[in-house]
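In our numbering, the protein residues as written are 588 to 710.
Pasting the structure below:
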């Protein structure tokens with residue numbers, strides 16, 4: 588899961604139309620870098636979920652970190668550079684969807700609490 592850092596500030600300073608374009612462009616940056624088997628979906632607001640089937644935790648962490656760097660290095664025409672925070676985990680055999688999402692969400696918010704523009708993995 589990832590979240591565009593300080594997205595409210597983008598909307599407040601540049602308007603919702605620009606905010607929408609920034610989200611679309613961030614999605615394009617991510618979409619170019621994930622596998623065809625991965626699923627990218629908007630989770631809500633400026634949060635997105637990426638499902639990476641058949642990937643172990645080390646691969647998931649590498650993918651998340653590569654995506655974080657790609658977003659941070661991209662020049663967004665409307666606002667310049669932005670950053671994103673990532674949280675990642677794996678589905679455990681005894682998990683249901685809620686347990687996994689809770690772990691991922693907690694990892695994401697740990698990234699935000701620790702300064703944003705980082706990836707946190709929860710085993």
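The C-beta atom is built at its ideal place from N, Cα and C for all residues, glycine as well.
Pairing residue 615 with residue 626, the inter-Cα distance amounts to about 13 Å. A distance below 6 Å between beta-carbons, with the five flanking residues on each side excluded, links residue 589 to the following residues of its chain, in chain order: 635, 671 and 673. Taking the CA atoms as reference points, residue 660 sits about 36 Å from residue 680. Under DSSP, the beta-bridge partners assigned to residue 636 are 628. Residue 624 and residue 601 have their C-alpha atoms roughly 35 Å apart.
A direct Cα-Cα distance of roughly 12 Å separates residue 686 from residue 709. Contact check for residue 620 against residue 657 passes: the beta carbons are separated by less than 8 Å. Here the alpha carbon of residue 651 sits roughly 12 Å from the alpha carbon of residue 642.
Take the alpha-carbon of residue 683 and the one of residue 706: they are about 23 Å apart.
Residue pairing for residue 589: DSSP places it in a beta bridge opposite 635 and 673. By alpha-carbon distance to residue 676, the top candidate from 598, 669, 688 and 665 is 688. A residue is called buried when at least 16 other Cβ atoms come within 10 angstroms of its Cβ; residue 667 does not meet this threshold and is exposed.
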